[in-house]
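To start, the structure under review is shown below, and the notes come after it.
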Amino acid sequence: MASAMLVLVVPRWPAAGGLLRNGWELLLRTLQQSRPGLPGPPWGPALAVQGPAVFTEPAHDTNGSKEISSLLDSIFWMAAPKNRRSIEVNRCRRRNPQKLIKVKNNIDVCPECGHLKLKHVLCGFCYEKVCKETAEIRRQIGKQEGGPFKAPPVETVVLYTGEAPSIQDQGMHLSMLY
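The numbers in the numbering used here rise by one with no breaks, and the one at position 171 of the sequence shown is 171.
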């Protein structure tokens, strides 16, 4: 089993102790709630010291404020662009032909409902209709059988309004859909 380690970076200001303690307690509570019945985490807190704030001398200001300089030394500074991008460069990047919407040539009319659909893909409107019919069939079969775990011993045939059972349907469980 691989062990994990949590690294805490402690700043040099006085309120950090209480803040870290509260954060640690919140982390432990969250882990215990997310894993009920399991033992606590196999790791404990470790102390890591931030390199630049320790190995370099703190900057000495003329006003004698060491707290502000040490706080600024421990900030992770993000990169900023050196030059502004021109409007032309931005528009060329945004209007790149690879990012534009492609024209689709494989759109067809559904033969069942008449809505537009992609070729070789089931029509969304027809699929929704089939899902509703399937849910209704399952509901009616569940009422006839008396529960979800009492399946009939024979195959079920669904008949729509106006349909009559065929010769092949003899001896099968018939369900009418209205």
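In this text, a Cβ means the ideal position worked out from N, Cα and C, and glycines have one as well.
Item                                                                                               : Value
Length of the line joining the Cα atoms of G171 and E136                                           : 23 Å
Residue ranges of each alpha helix (DSSP H) within the segment 99-172, 4 or longer                 : 124-145
Cα-Cα separation between T134 and R84, rounded to whole angstroms                                  : 59 Å
Test item: CB-CB of D108 and L116 under 9 Å                                                        : yes
C-beta contact flag for L118 and K102 at 9 Å                                                       : no
Residue environment, C92, which counts as buried when at least 16 other CB atoms sit within 10 Å   : exposed
The alpha helix (DSSP H) enclosing R94, as first and last residue numbers                          : I87 to R94
Counted within 10 angstroms of its Cβ, other Cβ atoms place C131 as buried (16 or more) or exposed : exposed
With 16 other Cβ atoms within 10 Å as the buried cut-off, status of C123                           : buried
Euclidean distance between Cα positions of K150 and L19                                            : 59 Å
Straight-line Cα distance separating H120 from C113                                                : 16 Å
Three-state secondary structure assigned by DSSP to A53                                            : Because the pLDDT of A53 is 48, which lies under 50, any placement of that residue in the model is unreliable, and the number read from its coordinates should be weighed accordingly. Three-state DSSP puts A53 in a helix.
Within 9 Å, strictly: CB atoms of T156 and I141                                                    : yes
DSSP three-state assignment for R84, whether helix, strand or coil                                 : coil
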